[in-house]
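Trainee:
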Amino acid sequence: DCVEAQLRDMVTRFSGDPTHRQTLLRFYLSRQNFDGAEAFLRELIAEADPEATEPTLDLIRFLTELRGPDEARAEIERAIAENPAPNRFKAILAMLDFQAGQQDQAIAEMESILSGADITETETQDIQITLGRMLVGTGNQVGARRLVEEVLAQNASNVEALKMQVSWQLQADETDAAIANLRIALDTAPDDVQVMNLTYEAYTRLGEADLAREYLAQAVEASGNAPEPSLRYARVLMSEELYLPAEDVLLP
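If you count the sequence shown from 1, you need to add 106 to reach my numbering.
#1: If L202 sits next to A178, beta carbons under 8 Å apart, how far is it from one beta carbon to the other, in whole angstroms?
#2: By DSSP, does D359 sit in helix, in strand, or in coil?
#3: Quick one: what's got a C-beta closer than 7 Å to L343's C-beta in the same chain, skipping five residues either side?
#4: Return the CA-CA distance between L147 and A191, expressed in angstroms with no decimal places.
#5: Sort S273, Q211, A328 and A206 by Cα distance to D297 and report the nearest one.
#6: When DSSP labels each residue in this structure, what does G238 get in the three-state scheme?
#7: Going by beta-carbon coordinates alone, are I166 and K196 separated by less than 7 Å?
#8: Measure from the alpha carbon of L304 to the alpha carbon of each residue in A318, E314, R114 and T118, then state which is nearest.
#9: For P124, count neighbouring Cβ atoms within 10 angstroms of its own Cβ and tell me buried if that reaches 16, exposed if not.
#10: Measure the alpha-carbon distance for D279 versus E266 and round it to whole angstroms.
#11: Indicate the three-state DSSP secondary structure (helix, strand or coil) for A191 in the structure shown.
#12: Thinking F168 and A206 are a contact (beta carbons under 8 Å), I'd like their distance in whole angstroms, please.
#13: Per the contact definition of three or more C-beta pairs closer than 8 Å, is the segment 229-237 in contact with the segment 246-255?
#14: Is it buried or exposed, S336, if we count other Cβ atoms within 10 angstroms and call 16 or more buried?
#15: Is the CB-CB distance between L150 and F133 below 7 Å?
Put into structure tokens, the structure is as follows:
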């Protein structure tokens, strides 16, 4: 109780620093206090600017992962009804439909959102990327590539589009082109763990083992010692019989 009170005091005192909000949320989740976490996320929505969408998106992610799709869907539908700019929420609802097996319906909904008169440039790029991932999931690589190329034509440093393009380039053994795009992505999002993982794959293909391994180490640091990048880096170290460094990665 004292820890919770102290963390809440820090959230209040340093309201402009999101780190303390994240720490309090992790505290609730580490104690399996999902009701406390949800209540806190709803508090953040109530305190935020009415036009701000990120607090509601955080709540939807929480509900999707820990409460299930039905509760997430109810919250998304509420957000669509109440928000003056509902396109991002409509796209999330379409993604839920896609994951539930209603692929044609979800793709049609995404195309409908993109054709709307009220969509912003940023929303257009985000939704094109999401639709591109859907098309990849249905085997429509041509349609997905077209969307990614459209996004990059508008914004050459769009990180999500670059990651998709790099994946295709690596599959086609176009390693030099992939590394060029990864440099752009790293300049734009230097802490993106997925970009670092892709950079590791690219340099591994070139036989640059030491340089490749360095990007895995950066991914671990950027993720705050999260399990997935830590395990990946530890496995690479173990494969090279670097057991003590691997242990040092796992302990945190």
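Every residue gets a Cβ at the ideal spot worked out from N, C-alpha and C, and that includes glycine.
Mentor: From the atom records:
#1: Against the sequence shown, residue 202 aligns to sequence position 96. Against the sequence shown, residue 178 aligns to sequence position 72. Correct: roughly 7 Å between the Cβ atoms.
#2: A question about residue 359 goes unanswered here, because the residues of the chain that appear run from 107 up to 358.
#3: What you label residue 343 is simply residue 237 of the sequence shown in a count that begins at 1. Excluding residues within five positions, the ones whose Cβ falls inside 7 Å are P351, A352 and V355.
#4: Indexing the sequence shown from 1 puts residue 147 at position 41. Indexing the sequence shown from 1 puts residue 191 at position 85. L147 and A191 have their C-alpha atoms roughly 20 Å apart.
#5: Here residue 297 refers to the residue found at position 191 of the sequence shown. Of S273, Q211, A328 and A206, the smallest CA-CA separation from D297 is found for A328.
#6: Residue numbering aside, residue 238 sits at position 132 when the sequence shown is read from its first letter. G238 falls in the helix class under three-state DSSP.
#7: Within the sequence shown, the letter at position 60 stands for residue 166. Within the sequence shown, the letter at position 90 stands for residue 196. Not closer than 7 Å, so no.
#8: Within the sequence shown, residue 304 is the residue found at index 198, counting from 1. Nearest option by C-alpha distance: A318.
#9: The residue given as residue 124 occupies position 18 in the sequence shown. P124 comes out exposed.
#10: The residue you call residue 279 lines up with position 173 of the sequence shown. The residue you call residue 266 lines up with position 160 of the sequence shown. About 20 Å.
#11: On the sequence shown, position 85 is the one that residue 191 refers to. DSSP places A191 in coil when its eight states are reduced to three.
#12: Within the sequence shown, residue 168 is the residue found at index 62, counting from 1. Within the sequence shown, residue 206 is the residue found at index 100, counting from 1. At roughly 19 Å, the Cβ-Cβ gap does not stay under 8 Å, so F168 and A206 are not in contact.
#13: Touching, per the Cβ criterion.
#14: To locate residue 336, count along the sequence shown from 1; it is residue 230. Result: buried.
#15: The residue labelled residue 150 in the question sits at position 44 within the sequence shown. The residue labelled residue 133 in the question sits at position 27 within the sequence shown. Contact: no.
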